[in-house]
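Chemist:
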Ligand code: AHG
Ligand code: MN
Ligand code: MN
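In our numbering, the protein residues as written are 1 to 337.
1. Are at least three pairs of beta-carbons, each pair with one atom in the segment 302-310 and one in the segment 178-197, less than 8 Å apart?
2. Identify the residues that DSSP records as bridge partners of residue 180: which are they?
3. At a cut-off of 8 Å, would you count residue 118 as near ligand 1, judging by its Cβ distance to the nearest heavy atom?
4. Any heavy atom of ligand 2 inside 8 Å of the beta-carbon of residue 247?
5. Answer yes or no: do residue 90 and residue 137 have a C-beta to C-beta separation smaller than 9 Å?
6. Just to confirm, does residue 97 get its C-beta within under 8 Å of one of the non-hydrogen atoms of ligand 3?
7. Assuming the contact rule is C-beta atoms closer than 8 Å, residue 144 and residue 101 should be a hit. Round their C-beta distance to whole Å, please.
8. Would you decide whether residue 94 is buried or exposed? Buried here means 16 or more other CB atoms lie within 10 Å of its CB.
9. If I measure Cβ to Cβ from residue 35 and keep anything under 7 Å in the same chain, skipping five residues before and after, which residues do I get?
10. Short of 7 Å in beta carbon distance, which residues of its chain neighbour residue 231, apart from the five on each side in sequence? Order them along the chain.
11. Leaving out five residues on either side along the sequence, give the residues of the same chain with a beta carbon under 8 Å from the beta carbon of residue 53.
12. Taking 8 Å as the line, does the beta carbon of residue 250 fall inside it for any heavy atom of ligand 3?
13. Given a cut-off of 9 Å, decide if residue 208 and residue 262 are closer than it, judged by their beta-carbon atoms.
14. So, at 6 Å on beta carbons, what are the nonlocal neighbours of residue 294 in its own chain, with the 5 sequence-adjacent residues on each side left out?
15. Residue 164 by DSSP, collapsed to three states: which one?
16. Identify every residue that forms a DSSP beta bridge with residue 266.
17. Does DSSP put residue 28 in a helix, in a strand, or in coil?
18. Less than 9 Å between the beta carbons of residue 248 and residue 164, yes or no?
19. Looking at the strands, I want to know which residues DSSP matches up with residue 241.
20. Please determine, among 193, 245, 82 and 299, the residue with the shortest C-alpha to C-alpha distance to residue 106.
21. Out of curiosity, what's the CA-to-CA distance linking residue 269 and residue 276?
22. Taking the beta carbon of residue 309 as the centre, do at least 16 other beta carbons fall within 10 Å, making it buried, or is it exposed?
23. Mapping the DSSP letters down to three states, classify residue 35 as helix, strand or coil.
24. Quick check on the DSSP output: what are the complete beta strand (DSSP E) runs of length 3 or more inside the segment 79-115, in order along the chain?
25. Please state if the CB of residue 6 and the CB of residue 17 are separated by a distance shorter than 9 Å.
26. Quick one: is residue 325 buried, meaning 16 or more other Cβ sit within 10 Å of its Cβ, or exposed?
27. Would you mind working out which of 132, 241, 273 and 267 sits nearest residue 258, comparing C-alpha positions?
28. When you measure from the CB of residue 163 to every non-hydrogen atom of ligand 2, does any distance come out below 8 Å?
29. Nearer than 8 Å: is that true of the beta carbon of residue 219 relative to any heavy atom of ligand 2?
30. Any heavy atom of ligand 1 closer than 8 Å to the beta-carbon of residue 268?
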């Protein structure tokens with residue numbers, strides 16, 4: 001069905017449900033509840049400077065990082081809303097070490113993994129942050145969902161997306177039929193379709209990597225980035241560097257303008273495969289990028305969507321963005337250059 005700019009997100013979700021006669025409406029319900037949570041977080045993020053909510057809560061999360069108050073707020077908002085929505089059977093969050101059960105009697109047929117607030121080091125400084133989500137169909141048949149329901153490949157996702165709290169709040173999601181982008185009109189509290197059928201430019205304009213870590217990079221990372229910095233055949237500079245430090249914001253810019261984002265493993269933490277988490281950071285963005293015509297791989301050239309999750313908070317090296325530059329990265333990282 002052609003997408004009409006300006007339609008509301010609930011209309012769009014209903015329209016896409018209608019083209020699947022077998023659909024029960026549960027995914028529609030799930031997405032709608034998640035969007036309500038996103039609107040609540042958006043309004044809190046916008047109020048952050050005023051509401052004296054800034055600052056550290058003093059706790060350390062399961063990744064060993066400082067948790068800021070807005071992270072807690074976002075995490076709780078999503079958990080409270082989704083544990084009684086009736087559409088999910090189990091959840092996993094960056095901020096919770098174990099799986100999150102839903103209320104007794106409210107078990108549904110989907111699972112939800114999420115990063116409640118990505119880019120939280122930017123909260124205090126008015127830089128874009130976001131919520132990332134990934135939805136799978138449950139596999140187990142008991143009453144409650146199980147960890148294994150969450151440990152499914154990215155390829156198995158039924159929906160994924162993010163809400164970015166930036167100069168405006170946007171929702172970008174996919175149910176496997178392309179990528180749709182909506183902008184929140186805060187005066188009426190509705191998301192309106194502003195970016196139908198998003199396609200990522202085949203060639204990148206930007207590369208995004210934390211270059212301060214270059215002393216710890218393995219040779220393949222160095223060679224690839226140096227190659228991007230070289231002049232092209234006509235003696236021109238081809239790329240600019242952009243790195244915000246919020247994955248969701250770096251990804252969003254690259255999705256719209258063309259870019260490649262790299263978070264490699266490095267010599268500083270040789271036992272860790274990078275920093276970013278597979279289930280609620282890499283996999284959902286990989287689903288989006290593939291639906292938009294881009295690619296996402298790890299440093300062995302494996303498609304992120306085919307990486308088998310073993311652990312809820314598993315990390316994965318991530319190379320994601322415009323097709324040409326990811327193809328090029330694949331050659332550097334797998335030793336073909
Ligand atoms: P989070 O705020 O959810 O913990 O994620 C932060 C992540 C990601 O958003 C970003 O791309 C990356 O950390 C930045 O890490 P470095 O500061 O190491 O570059
Ligand atoms: Mn994150
Ligand atoms: Mn986070």
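Each residue gets a CB set at the ideal place from its N, CA and C atoms; glycine is no exception.
Modeler: If we stick to the structure as given:
1. The segment 302-310 makes no contact with the segment 178-197, as fewer than three CB pairs between them are under 8 Å.
2. For the purposes of this step, residue 180 is identified with residue 180 of the chain shown, where counting begins at 1. 173, per the DSSP bridge assignment.
3. By one-based count along the chain shown, residue 118 stands at place 118. Yes - ligand 1 has a heavy atom lying nearer than 8 Å to the Cβ of residue 118.
4. If you number the chain shown from 1, residue 247 lands on position 247. When distances are taken from the beta-carbon of residue 247 to the heavy atoms of ligand 2, the shortest one is below 8 Å.
5. As a position in the chain shown, residue 90 is number 90, starting the count at 1. As a position in the chain shown, residue 137 is number 137, starting the count at 1. Contact flag unset, no.
6. Translated into the one-based positions of the chain shown, residue 97 becomes position 97. No; taking the cut-off as 8 Å, the Cβ of residue 97 has no heavy atom of ligand 3 nearer than that.
7. Reading the chain shown from its first residue, position 144 is the one you call residue 144. Reading the chain shown from its first residue, position 101 is the one you call residue 101. Taking a contact as a CB-CB distance under 8 Å, the pair residue 144 and residue 101 counts as one, their CB atoms being some 6 Å apart.
8. As a working note, residue 94 is residue 94 in the chain shown. So residue 94 counts as buried.
9. For the purposes of this step, residue 35 is identified with residue 35 of the chain shown, where counting begins at 1. For residue 35, same chain residues with a beta-carbon under 7 Å away, outside a window of 5 residues either side, are 9, 171 and 191 in chain order.
10. Your numbering for residue 231 matches position 231 in the chain shown. The beta carbon of residue 231 is closer than 7 Å to those of 237 in its chain, skipping five residues each way along the sequence.
11. As a position in the chain shown, residue 53 is number 53, starting the count at 1. Confidence at residue 53 is low in this model, with a pLDDT of 47, below 50, so the placement of that residue should be treated as unreliable; the coordinate-derived value is given next. Here residue 53 has 44, 47, 69, 70 and 73 as same chain residues with Cβ atoms under 8 Å from its own Cβ, once five neighbours each way along the sequence are excluded.
12. Taking the first residue of the chain shown as position 1, residue 250 is located at position 250. Checking the Cβ of residue 250 against ligand 3 gives no.
13. Taking the chain shown and counting its residues from 1, one reaches residue 262 at position 262. Taking the chain shown and counting its residues from 1, one reaches residue 208 at position 208. Yes, these two residues count as a Cβ contact at 9 Å.
14. Position 294 of the chain shown, counted from the start, is the residue given in the question as residue 294. The residues are 200, 321, 322 and 323.
15. By one-based count along the chain shown, residue 164 stands at place 164. DSSP places residue 164 in strand when its eight states are reduced to three.
16. Residue numbering aside, residue 266 sits at position 266 when the chain shown is read from its first letter. Residue 266 is bridged by DSSP to 217.
17. In the chain shown, counting from the first residue as 1, residue 28 sits at position 28. In the three-state reduction of the DSSP assignment, residue 28 falls in the helix class.
18. For the purposes of this step, residue 248 is identified with residue 248 of the chain shown, where counting begins at 1. For the purposes of this step, residue 164 is identified with residue 164 of the chain shown, where counting begins at 1. Contact: yes.
19. Here the question's residue 241 lines up with position 241 in the chain shown. DSSP, once it has assigned bridges, lists 207 as partnering residue 241.
20. Taking the first residue of the chain shown as position 1, residue 106 is located at position 106. When each option's Cα is compared against that of residue 106, the closest is 82.
21. Locating residue 269 in the chain shown gives position 269, counting from the first residue. Locating residue 276 in the chain shown gives position 276, counting from the first residue. Distance between the alpha carbons of residue 269 and residue 276 is about 13 Å.
22. In the chain shown, counting from the first residue as 1, residue 309 sits at position 309. The residue is buried, with at least 16 neighbouring Cβ atoms inside 10 Å.
23. By one-based count along the chain shown, residue 35 stands at place 35. In the structure shown, residue 35 sits in a helix (DSSP, three-state: H, G or I).
24. Within the segment 79-115, the complete beta strand (DSSP E) runs of at least 3 residues are 88-93.
25. Against the chain shown, residue 17 aligns to sequence position 17. Against the chain shown, residue 6 aligns to sequence position 6. With contacts defined as CB atoms closer than 9 Å, residue 17 and residue 6 fail to qualify as a contacting pair.
26. The count along the chain shown starts at 1 and reaches residue 325 at position 325. Buried, since its Cβ has 16 or more Cβ neighbours within 10 Å.
27. For the purposes of this step, residue 258 is taken as the residue at position 258 of the chain shown. The shortest C-alpha separation from residue 258 is found at 241.
28. Here residue 163 refers to the residue found at position 163 when the chain shown is read from its first residue. Checking the Cβ of residue 163 against ligand 2 gives no.
29. Start at 1 with the first residue of the chain shown, and residue 219 comes out as number 219. With a cut-off of 8 Å, the C-beta of residue 219 is classified as distant from ligand 2, since no heavy atom of the ligand falls inside that distance.
30. The residue labelled residue 268 in the question sits at position 268 within the chain shown. Not under cutoff, so the answer is no.
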